[in-house]
Amino acid sequence: QKEVEQDPGPLSVPEGAIVSLNCTYSNSAFQYFMWYRQYSRKGPELLMYTYSSGNKEDGRFTAQVDKSSKYISLFIRDSQPSDSATYLCATLLGGGATNKLIFGTGTLLAVQP
Amino acid sequence: GAVVSQHPSRVICKSGTSVKIECRSLDFQATTMFWYRQFPKKSLMLMATSNEGSKATYEQGVEKDKFLINHASLTLSTLTVTSAHPEDSSFYICSARDQGGGNYGYTFGSGTRLTVV
């Protein structure tokens with residue numbers, strides 16, 4: 127079983143739609159969760175991060191972690207064509223200086239104008 | 562914010578030659594840098610962790626002699642793909658950890674598209 131599982135999509139939505147992106151993880155010890163956005167032929171950029179369970183909101187983006195079900199979600203409200211990208215969930219493995227990011231497969235999102 | 566510069570962005574080389582990719586942290590010092598490989602429609606696979614002034618730590622299955630990593634300063638790590646073959650063609654991405662960002666302080670370069678012909 128992979129440590130982080132993510133539906134690769136692709137996901138196509140009309141402009142203005144609410145987008146829901148999801149991941150599951152296997153290790154209940156994971157505490158730090160991130161969402162990265164990656165445009166084509168570019169490196170990932172940090173979009174949202176959360177610690178343990180709960181919600182975090184930043185503008186049109188909401189990150190949610192449910193540790194009881196080992197489920198990570200990213201919601202995008204009022205989606206825009208500029209949101210079209212690959213979204214990768216990630217968590218940290220290890221501790222301190224040996225932390226390593228573990229990524230999901232990434233979900234390719236296309237927002238149609 | 563923290564910026565990581567990666568060069569070249571794209572390189573085509575002949576089979577059997579070596580290619581060097583540079584990763585620089587521009588406005589912070591990074592004792593630890595990471596090298597990833599990404600296949601089309603696949604996730605980032607960690608290849609190795611680069612530690613300034615010491616040997617890199619390679620992930621299981623990654624050939625140390627094929628992918629040489631040097632982290633000679635706090636702002637520069639290099640990945641050299643030696644005796645490249647077509648199967649080494651991929652998208653390589655580096656990341657540097659900005660201590661000021663805590664557990665979320667990982668900044669990525671723009672990636673290098675390597676094509677071996």
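So the sequence lines, in the order shown, correspond to chains A and B. Adding 126 to a residue's 1-based position in the first sequence gives its number in my numbering. Adding 561 to a residue's 1-based position in the second sequence gives its number in my numbering. For each residue, glycine too, the CB sits at the ideal point set by N, CA and C. These numbers were taken from a predicted model, which means no experiment stands behind them.
Worksheet item: If you count every other CB in all the chains shown that lies within 10 Å of the CB of B:Ser-651, and 16 or more means buried, which is it?
Response: The residue labelled residue 651 of chain B in the question sits at position 90 within the second sequence. Under this definition B:Ser-651 is a buried residue.
Worksheet entry | Neighbour-count burial assignment, A:Pro-170, 16 or more Cβ in a 10 Å radius | On the first sequence, residue 170 of chain A is found 44 positions in, with the first residue counted as 1. Per the 10 Å Cβ criterion, buried.
Worksheet entry | A:Arg-167: contacting residues in chain B (beta-carbon distance under 9 Å) | Position 41 of the first sequence holds residue 167 of chain A. Neighbours of A:Arg-167 on chain B, chain order: Ser-570, Arg-571, Phe-652, Ser-671, Gly-672, Arg-674.
Worksheet item: In chain order, what residues of the same chain lie with their CB nearer than 8 Å to the CB of A:Val-139, ignoring the 5 residues before and after it?
Response: The residue labelled residue 139 of chain A in the question sits at position 13 within the first sequence. Contacts found: Val-145, Ser-205, Leu-235, Ala-236, Val-237, Gln-238.
Fill in: Whole-angstrom distance between B:Ala-657 and B:Ala-617, CA atom to CA atom
By 1-based counting over the second sequence, the position of residue 617 of chain B is 56. By 1-based counting over the second sequence, the position of residue 657 of chain B is 96. Looking at the two C-alpha atoms, the distance is approximately 14 Å.
Discussion item. Using a Cβ-Cβ cutoff of 7 Å, what residues of the region 582 to 608 of chain B are near chain A? List them in chain order.
Written reply: Thr-593, Lys-602, Lys-603, Ser-604, Leu-605, Leu-607
Item to complete: Could you give the DSSP three-state label for A:Tyr-165: helix, strand or coil?
Response: As a position in the first sequence, residue 165 of chain A is number 39, starting the count at 1. DSSP places A:Tyr-165 in coil when its eight states are reduced to three.
Practice prompt. Show which residues of chain A have a CB atom less than 9 Å away from the CB atom of B:Thr-636.
Written response: Here residue 636 of chain B refers to the residue found at position 75 when the second sequence is read from its first residue. Neighbours of B:Thr-636 on chain A: none; closest Cβ ~17 Å, over 9 Å.
Discussion item. Contact defined as beta carbons within less than 8 Å: I believe A:Lys-182 pairs with A:Thr-150. What is the distance between those atoms, to the nearest angstrom?
Written reply: Locating residue 182 of chain A in the first sequence gives position 56, counting from the first residue. Locating residue 150 of chain A in the first sequence gives position 24, counting from the first residue. Contact between A:Lys-182 and A:Thr-150 fails: their C-beta atoms lie close to 19 Å from each other, not under 8 Å.
Item to complete: Please name the residues in the region 187 to 221 of chain A whose beta-carbon is closer than 7 Å to at least one beta-carbon of chain B, in chain order.
Response: Leu-214, Leu-218
Discussion item. Per the DSSP calculation, B:Val-623 is bridged to which residue(s)?
Written reply: One-based indexing of the second sequence puts residue 623 of chain B at position 62. B:Val-623 is not bridged to any residue.
Worksheet item: Taking Cβ positions, are B:Val-565 and B:Val-572 nearer each other than 8 Å?
Response: By one-based count along the second sequence, residue 565 of chain B stands at place 4. By one-based count along the second sequence, residue 572 of chain B stands at place 11. No, they are not a contact pair.
Fill in: Continuous beta strand (DSSP E) stretch holding B:Lys-581: start and end
For the purposes of this step, residue 581 of chain B is identified with residue 20 of the second sequence, where counting begins at 1. B:Lys-581 -> beta strand (DSSP E) spans 580 to 586.
Worksheet item: Can you tell me the Cα-Cα spacing of A:Phe-241 and A:Val-191, whole angstroms?
Response: Residue 241 of chain A cannot be examined here, being either before or after the span of chain A that is shown, 127 to 239.
Worksheet item: Cβ of A:Gly-180 less than 8 Å from any chain B Cβ?
Response: Your numbering for residue 180 of chain A matches position 54 in the first sequence. A:Gly-180 does not count as touching chain B.
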